[in-house]
Structure formats: C-alpha cells, structure tokens
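**Student:** One structure, as structure tokens, below. Some questions next.
Number of protein chains: 2
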Amino acid sequence: MSSIREIATLAGLSPASVSLYLNDKSTTRVGPAAKERIDAAVKKLHYHKNLFASTLSSQESKLIGIIIPSLMPLFGNEYTNTLLTGVQSQLSERGYGMLFFPSNAHTSVEIVEEQIQRSSGCDGYVLFSTGFCTQAQVEKNILELQKTDKPFVTLNIPEMSTAIRQVLIRDLEVCSGTRYLLERGHKHIGLVLGRTGGVHAKKLYADHRDILEESGIPFDPQTVVYGEYSAEQSYTMIKKLLQEHPELTALNCMSDIMAASALLVAQDLGLSVPEELSIIGRNNSLHARLASPSITTVDLHIEEAGKSAAHLLLEAIAGSTGGQKIIISGTFIERETVRTLQ
Amino acid sequence: MSSIREIATLAGLSPASVSLYLNDKSTTRVGPAAKERIDAAVKKLHYHKNLFASTLSSQESKLIGIIIPSLMPLFGNEYTNTLLTGVQSQLSERGYGMLFFPSNAHTSVEIVEEQIQRSSGCDGYVLFSTGFCTQAQVEKNILELQKTDKPFVTLNIPEMSTAIRQVLIRDLEVCSGTRYLLERGHKHIGLVLGRTGGVHAKKLYADHRDILEESGIPFDPQTVVYGEYSAEQSYTMIKKLLQEHPELTALNCMSDIMAASALLVAQDLGLSVPEELSIIGRNNSLHARLASPSITTVDLHIEEAGKSAAHLLLEAIAGSTGGQKIIISGTFIERETVRTLQ
DNA sequence: ATAAATTGATAAAACGTTTAACTTATCGGA
DNA sequence: TCCGATAAGTTAAACGTTTTATCAATTTAT
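Here it is in structure tokens:
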C-alpha cells in the first residue's frame, strides 16, 4: 500500500508533481528526468493510486451504481444478464466501472434503498426494474434515486409520466406475441407470464386481454398462468393449463425458457408442435435457438437497450439535462413453432 | 450531497457524534434526544454517508474487486454468471459489495492489470480464470495480484503449486465425461472443447488423451474440435467432426451449450440420440434440462464453488492466513443422451 | 463524603489524492 | 537589456469520514 507520498520521496519530488504526471503523462509541469524517476519509483513500489482517495478529492469516481431490485440471486436471470452485458460494454468503452451492492433485504423497496445508500458517491445510477416490482414500488424507487441528486437512468421499466431518463423495452409491455398469433388465425391463446403482481406481468395481462376483446374474442382469465421465473414451475403450470384447456391452439410465453418448458410439456402430452400447438417465446435467447423445433420468438434487443441506457447516463453525467425516453422495439424471429391456421 | 457536517450543524452536534451514532445506533456516547435530532436531520437532508470518504478514513471499503480476464462481453457466459451468482450470494450475506472495472484491452494480461489498477483500495479480490488465459497468463495474473498485498482468491483456475487461496473445480481439469463414456462401452469418443490454447481446454485435451491411451484405445487428434464458446461455431465444427468421423459413437462436450448444439447436428444428420450417438455435456445448465432428449451432464457445482471462493476470501480478510485449496468435485446427472454399448 | 464509573459530548489528526495558486529559473524576441 | 513566456517545480487547502484522546457532568458504590 504505497502512497503517492512515498513515490514522491523516492523520486525526490513533491506529491503534487507525481499526481500531475500520473494523471497526464504528457504534462509539461514535470521534466523528462523527473518523469523517469517517477516511473521507476512506481514500478519499484508497485504503486496503484487509491480509487477512494482519488474519488474523494476529485469528486469523480468513474463508477456507476447498478441498482437491481430482484429477490432472486443476481446473475441468474437471462434478461438481466443481457441487459448488463449491454450496459457494461458501453461503460467500459468510456472508462467507467460498475458497483454492485447487493442486499438481502426482503422487499424490493428495501433492497433499492440499501443499494443506493451504500453506493453513495457514484457518478450515476442505472435502475433496473424486475418482475418483482409493482408499479408503486417502481415509483418509490425512482423517488429514492432522485433524492441523491445524481444522474440516473431507468431500464426495463414501464413508461413513466415524470420527466426522467428512461429506456423502454416496448415489447415488455406490449403483448405483441398475442397479436402475432391472432394474425395467424389462432383464437384460443394461452398466456404464460412471470410473477403475479409484477409490473410487466400486469401490463402484458391487460394488453393481452384488450387485444383479444378488440378482436371480438372472449378473454378467459383461466388461460393465464404464472411461471414464477422458474423452469420447473413453468412446466407444472403449463401442463395444468394445457390439460384443463384442450381448446388452446397457441401459447404466448413471456420468456424463451417458458416457451422451452412448454415444448417439453407438449412432448409429454403427445401434442405435436406446431401442428397441434403453436408456441411463441420472447427474448431470442439461446434457449429458443437450440430447442427443437426451434422456437419462434421476439427479439427484444435487450443488449441494445442496455447500451442505450449507459449511453444516456454518460451523456447526463457529461452535463446534458432534461428527461429523455428511448424506446426499443422488438422484432419477430420466425422459426418453427408457430403454425398458421386457416 | 449533504455532508456529515451539515447533519451535525442541523442537529446541534459535532460531526464526531453524528458519525459515532450512525455507525452504531446503540452507542452510549450519544444521548437519546441527540439521536432523535440526528435521525430527523438525516431524513430532512437525504443524507447518505459517502462511501469513498468513509473508506478512505476507515481503510475498509466492504468492496471486493472482481477480476475477469475475458475477451468476450461480460455477463454473457453461463459458467461465469453462475460463478458470480455464488460469489455474490456469500458476499452480500456478509455485507460486501462487488466492483467491476471492465477493460477493453486486447490481451487477458492487460485486462487484469488494468482492472487491478483501477480497483485499488478494495478489501480483496476474486480472480476468475477463463478459457482465454494460457497457463503463463494465469501465473502472471496471480503475480500481479500478489503485488497488491491484499487478500485474494482464485476461482476456476488450474491447480497451482504456489501457496495461494484457490477454489478448484475439479471436473474443469479432469475429463470425467470421457471416463464415463468409456465405462459404458464407447471406444470412439469425440471431444468438443472451448478455445484453442485456453488452460482448461489444454488440460482436458491431455486428460482425454491419457485416459484413452491408458485403456489401450488409440487417440486420434482429429477427433478433437473447438467450439470457441459460440453455439454457431460449435454446430459447424461438430457437424464437420461427425461427417468426417462416422466411427464416433459418443461426444464428450465441454459445455451444455455445445452438447445442445451437438443434438441439433445429430438431428440434422439423421442420427438418433442416444441410439446412434451418445452425448454428454457439462455444467448441468438449463440447456441440458430443457433439451429433448434431455442431456446427460455433469454438475460442476459451480455456484457452490463461487460461494466457497467468497467464503475463503472473507476469512482471509478477517485475518486467517496461509494458502488454502478447496476442491469442488462434480456429480453426474444421468439423463437421456447416453447409451450403454455391449 | 469521596472515589470510581458512566454518560454525553468535542477537538483534531488522519486517510491518500487533487488542484489552485504561487515561485523560480531559463530562454527568445524586440 | 529587459519583458514575457514557458518549463519545472512546490505549498497547502480541500474532499467527507473516522477515531483517538480528552473533558465535564452526573451517577453509583463504598
């Protein structure tokens, strides 16, 4: 743990000169000979400048706090991971790092509060929203973040009326899969959602219902089922759904994992896909590509969304003001699990 | 950005008292009335203590630097993500956070150097090793980490002779799948590895060869193929392999994704699994479970490994000394893709 | 009644950098 | 010759906490 002072002494200089040079190799305020002595001292003492001291002094951490209000283990969810991949790639391109302060509190609001508190001093924040948040919780979380007076951007969150910077993943709120199946002649469409009460699930539920009713098709609440973000639970619930509702010709699944589980169910029930049952997934993940038959899905461009969020945030940190919305729309990836009915 | 000084002024106290109370709610050095005034001031000014100032002063960050020398986007790899899940769960249980300072350097050694440099001041480090590291690079990385004088633990790294704290995932170095297939009568076993030159791939290659030769089966280097950690590349290479080597009755794959790709290839070539081709994967990921037929795989207990690493590190931070090795052994998950030959 | 312990506080130094302001020496140009 | 630039440095305050040492007042024990 050598400090800049030791480097300075070893090089026969003041700490100021060392700092000046280390932060700008081409500075003219340190002579060539002195520069060499500094380099030698740094090498000899294995000096690394202390992030915390440097941040405190310069009031800039080059660190972004990542706020994820999930009750499930972090890095275990494909959506969130892809989002993170996008965020990370943009951040590191501009020299920023990420700070995770996970919490083991029991409600998403407490989690967010703790994370914000503990990462105070970051240059900005990215707030994820997960299926574990209700609309009210999302709003509370945003409020909490606003109190920090630091720039932040929300990702994966339902559209808000307040002027905040946010990246919206359109097809996370809009039930495009249902419309797609409808256009292909399906009238009895089951819906497989994530978690009861979650923002996204609620939006999708409402949208699914509205789309059906607009088309004059009665909506049956019994044909909606929740997988709770687990493959096992999805399998169980989908099996139950298909057994109790043999009239269903198609399943719109909130994620590819649910869709892959549906495929398994179909197989076990002896239903051929897509001949007897059409399935559409979401996220264009590896699961959809590697399944057999390969699963028709909607690419949410989630990595792109992560990148946009990071970009927006860095602009805000650089000084741009005002709220801004970026909307990312999905595109259908047509594969082998959807059949057109006549 | 209210500071502790403002809280102190508002509560009519000294900063010292505020700090004392905030760090120990049950302290007797601040009176009950004063405590209430502090609470009120904190609420009113939205005070959060500054992580950086606090760390600088107390010389403890409660932050672990995560060093991942990967050339691929972070959070895009199932192994690493699961490892991270394990690390994270232990860390957050004990109140620690994680710091990621990704780098976009072009060699794994540069990446590690940059990450260490930028996260200087953390309480400890976890060094991942990835398929992108050669043995020499791994050693260099460890040397670099030792210079920091901070505790660290290596994860997922080949066994080292030096006395460092490390968690070894045994079946990442030992080609247990080959032995498993051998025991079930297979004599012509193809091997699907990750990246040419990577530590793990090299170890597995050597082990695979040795196991075969010990059993008196000639080893054909042509039956080893590299998927480069991509499903597409895996598909292409496996297809080529199976077409050129019709004598193969089994495939030992380094990951479940490769195994799932192999399943696809088999399907496209009209080979039935496991009747004509046995496949074994590794990692017991969702891909293996959701595939059809479900893939026989070896559970590496990777999340467990992550937890152990975090545990070991926290113990070291708490003062325990000396190197220590924890070895995590895999267990076979027998499913539907392996057939026993007579 | 007095010593000892406890309660409730504060002052000030320290943590390791950064940076604005200042100094001195040297050099070219008019 | 003298002025202004420029090069090569230094000093010292500041960033926001923590923590050790110190102190006064009050309570408890003897």
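Line by line, the protein sequences give chains A and B.
Quick note: to get the working numbering, add 127 to the position in the first sequence (first position is 1).
Quick note: to get the working numbering, add 127 to the position in the second sequence (first position is 1).
Backbone N, C-alpha and C define an ideal beta-carbon position, used for all residues, glycine too.
1) For Y148 (chain A), name the three-state secondary structure that DSSP assigns.
2) Would you tell me roughly how many angstroms separate the C-alpha atoms of L309 (chain B) and E300 (chain B), rounded to the nearest one?
3) Report the option in B:K314, B:I454, B:H315 and B:L331 whose CA atom is closest to the CA atom of G321 (chain B).
4) List the residues of chain A whose Cβ lies closer than 8 Å to the Cβ of N177 (chain B), in chain order.
5) So, is the C-beta of G203 (chain A) closer than 9 Å to a C-beta in chain B?
6) In chain order, which alpha helix (DSSP H) runs of at least 4 residues are fully inside the stretch 260 to 303 of chain B?
7) Using beta carbons (cut-off 9 Å, strictly below), is D276 (chain B) in contact with chain A?
8) Compare the C-beta of A418 (chain B) with all C-beta atoms of chain A and state if any pair is closer than 9 Å.
9) Mind checking if Q394 (chain B) is an interface residue toward chain A, Cβ cutoff 9 Å exclusive?
10) Between the Cα of Q394 (chain B) and the Cα atoms of B:R416, B:L413 and B:K366, which residue gives the shortest distance?
11) Answer yes or no: does any C-beta atom of chain B fall closer than 9 Å to that of Q244 (chain A)?
12) Can you check the stretch 321 to 386 of chain B for any beta strand (DSSP E) of at least 3 residues that lies completely inside it and give the ranges in chain order?
13) For a contact defined as C-beta to C-beta under 8 Å, what are the partners of S144 (chain A) on chain B?
14) Name the chain B residues whose beta carbon is nearer than 9 Å to that of S188 (chain A)?
15) Between H428 (chain B) and chain A, is any beta-carbon pair separated by less than 9 Å?
16) Can you grab the Cα-Cα spacing for the pair R306 (chain A) / I407 (chain A), in whole Å?
17) Count the other C-beta atoms from every protein chain shown that fall within 10 angstroms of the C-beta of P348 (chain B), then say buried if there are 16 or more, exposed otherwise.
18) Would you report the Cα separation of T207 (chain A) and E205 (chain B), rounded to the nearest angstrom?
19) Comparing C-alpha positions only, which one of B:V280, B:E403 and B:D298 sits nearest to A290 (chain B)?
20) Please compile the residues from chain A whose C-beta is within a distance smaller than 9 Å of the C-beta of I384 (chain B).
21) Between the Cα of H175 (chain A) and those of B:Q451, B:S246 and B:S382, spot the shortest distance and give me the residue it belongs to.
22) Please work out which residues of its chain come closer than 8 Å, Cβ to Cβ, to K171 (chain B), disregarding the five sequence neighbours upstream and downstream, and give them in chain order.
23) Counting only Cβ pairs nearer than 9 Å, list the residues of chain B close to A432 (chain A).
24) Within 8 Å, do at least three Cβ pairs link the stretch 190 to 200 of chain B to the stretch 360 to 380 of chain B?
25) What did DSSP end up calling V425 (chain B) once you bin it into helix, strand or coil?
26) With a Cβ-Cβ cutoff of 9 Å, do L282 (chain B) and Q293 (chain B) count as a contact?
27) Taking the alpha helix (DSSP H) that Y252 (chain A) falls in, what are its first and last residues?
28) Check the Cβ of G224 (chain B) against every Cβ in chain A and list those closer than 9 Å, keeping chain order.
29) Please state whether the Cβ-Cβ distance between T464 (chain B) and V400 (chain B) is less than 9 Å.
30) To the nearest angstrom, how far is it from the Cα of L190 (chain B) to the Cα of P229 (chain B)?
31) Within its chain, find whatever has a CB closer than 7 Å to the CB of V239 (chain B); leave out the 5 residues flanking it on each side and keep chain order.
32) Please confirm whether N283 (chain B) has its beta-carbon closer than 9 Å to some beta-carbon of chain A.
33) Under a CB-based cut-off of 9 Å, is P401 (chain A) close to chain B?
34) What does DSSP give as the partner residue(s) for V319 (chain A) in the beta ladder?
35) Return helix, strand or coil for I226 (chain B), following the three-state DSSP convention.
36) To which residues of the same chain is A446 (chain A) closer than 8 Å at the C-beta, ignoring the five residues directly before and after it?
**Tutor:** Let's see:
1) As a position in the first sequence, residue 148 (chain A) is number 21, starting the count at 1. Residue state for Y148 (chain A) is assigned as helix, using DSSP reduced to three classes.
2) Counted from its first residue, the second sequence places residue 309 (chain B) at position 182. Counted from its first residue, the second sequence places residue 300 (chain B) at position 173. Spanning the two alpha carbons is a distance of roughly 18 Å.
3) Within the second sequence, numbered from 1, the residue matching residue 321 (chain B) stands at position 194. For the residues B:K314, B:I454, B:H315 and B:L331, the minimum Cα distance to G321 (chain B) belongs to B:L331.
4) Here residue 177 (chain B) corresponds to residue number 50 of the second sequence, with the count starting at 1. Going along chain A in sequence order, the residues near N177 (chain B) (Cβ under 8 Å) are L183, S247 and G248.
5) Stepping through the first sequence from its first residue, residue 203 (chain A) is reached at position 76. Between G203 (chain A) and chain B, the shortest Cβ-Cβ separation is below 9 Å.
6) Listed in chain order, the complete alpha helix (DSSP H) runs (minimum 4 residues) inside the stretch 260 to 303 of chain B are 262 to 273.
7) Here residue 276 (chain B) corresponds to residue number 149 of the second sequence, with the count starting at 1. So, interface residue.
8) Indexing the second sequence from 1 puts residue 418 (chain B) at position 291. At least one chain A Cβ lies under 9 Å of A418 (chain B).
9) Position 267 of the second sequence, counted from the first residue, corresponds to residue 394 (chain B). Q394 (chain B) counts as touching chain A.
10) Position 267 of the second sequence, counting from 1, holds the residue named residue 394 (chain B). Considering only alpha carbons, the answer is B:K366.
11) The sequence position of residue 244 (chain A) within the first sequence is 117, counting from 1. Q244 (chain A) counts as touching chain B.
12) Qualifying beta strand (DSSP E) stretches, in chain order: 351 to 353 and 377 to 380.
13) Taking the first sequence and counting its residues from 1, one reaches residue 144 (chain A) at position 17. Residues of chain B with a Cβ closer than 8 Å to the Cβ of S144 (chain A) do not exist; the shortest Cβ-Cβ separation is about 20 Å.
14) The residue given as residue 188 (chain A) occupies position 61 in the first sequence. Neighbours of S188 (chain A) on chain B, chain order: L178 and F179.
15) As a position in the second sequence, residue 428 (chain B) is number 301, starting the count at 1. With a threshold of 9 Å between beta carbons, H428 (chain B) makes no contact with chain A.
16) Position 179 of the first sequence, counted from the first residue, corresponds to residue 306 (chain A). Position 280 of the first sequence, counted from the first residue, corresponds to residue 407 (chain A). R306 (chain A) and I407 (chain A): Cα-Cα distance of roughly 11 Å.
17) Indexing the second sequence from 1 puts residue 348 (chain B) at position 221. Classification of P348 (chain B): exposed, given that the 10 Å Cβ count is below 16.
18) Mapped onto the first sequence, residue 207 (chain A) falls at position 80. Mapped onto the second sequence, residue 205 (chain B) falls at position 78. Rounded to the nearest whole angstrom, the CA to CA distance from T207 (chain A) to E205 (chain B) is 13 Å.
19) Along the second sequence, read from residue 1 onward, the residue named residue 290 (chain B) stands at position 163. Selection B:V280, B:E403 and B:D298 evaluated against A290 (chain B) yields B:V280 as nearest (Cα-Cα).
20) Counted from its first residue, the second sequence places residue 384 (chain B) at position 257. Those are L413 and L417, listed as they occur along chain A.
21) For the purposes of this step, residue 175 (chain A) is identified with residue 48 of the first sequence, where counting begins at 1. Comparing Cα positions, the closest option is B:S246.
22) Position 44 of the second sequence holds residue 171 (chain B). Excluding five sequence positions before and after K171 (chain B), the CB atoms of its chain that fall closer than 8 Å to its own CB belong to L137, given in chain order.
23) Position 305 of the first sequence, counting from 1, holds the residue named residue 432 (chain A). Correct list: empty, because the minimum Cβ distance to chain B is about 14 Å.
24) Touching, no, given that fewer than three Cβ pairs across the two stretches are closer than 8 Å.
25) Taking the first residue of the second sequence as position 1, residue 425 (chain B) is located at position 298. Strand, per DSSP.
26) As a position in the second sequence, residue 282 (chain B) is number 155, starting the count at 1. As a position in the second sequence, residue 293 (chain B) is number 166, starting the count at 1. The Cβ atoms of L282 (chain B) and Q293 (chain B) sit closer than 9 Å to each other.
27) Taking the first sequence and counting its residues from 1, the one referred to as residue 252 (chain A) is at position 125. Note, Y252 (chain A): premise wrong, no alpha helix (DSSP H); beta strand (DSSP E) at G251 to F255.
28) Counting from 1 along the second sequence, the entry for residue 224 (chain B) is found at position 97. At a beta-carbon threshold of 9 Å, the residues of chain A lying near G224 (chain B) are L226, F227, F228, P229, Q242, R245 and S246, ordered along the chain.
29) Looking up residue 464 (chain B) in the second sequence gives position 337. Looking up residue 400 (chain B) in the second sequence gives position 273. Yes; because the gap between Cβ atoms is below 9 Å, this pair is in contact.
30) Locating residue 190 (chain B) in the second sequence gives position 63, counting from the first residue. Locating residue 229 (chain B) in the second sequence gives position 102, counting from the first residue. Cα to Cα, the separation comes out at about 16 Å.
31) The residue labelled residue 239 (chain B) in the question sits at position 112 within the second sequence. Correct list, in chain order: I194, P196, N268 and E271.
32) In the second sequence, the residue the question calls residue 283 (chain B) occupies position 156. For N283 (chain B), no Cβ of chain A is located within less than 9 Å of the residue's own Cβ.
33) Indexing the first sequence from 1 puts residue 401 (chain A) at position 274. Not closer than 9 Å to any Cβ of chain B, the Cβ of P401 (chain A) fails to qualify, so no.
34) Indexing the first sequence from 1 puts residue 319 (chain A) at position 192. Answer by DSSP bridge pairing, in chain order: A:V352 and A:C380.
35) Position 99 of the second sequence, counted from the first residue, corresponds to residue 226 (chain B). Ile is not the amino acid found at residue 226 (chain B); the sequence shown has Leu there. In this structure, L226 (chain B) counts as strand in the three-state DSSP scheme.
36) Position 319 of the first sequence, counted from the start, is the residue given in the question as residue 446 (chain A). The displayed chain sequence assigns Gly, not Ala, to residue 446 (chain A). Cβ within range, chain order: n/a, list empty.
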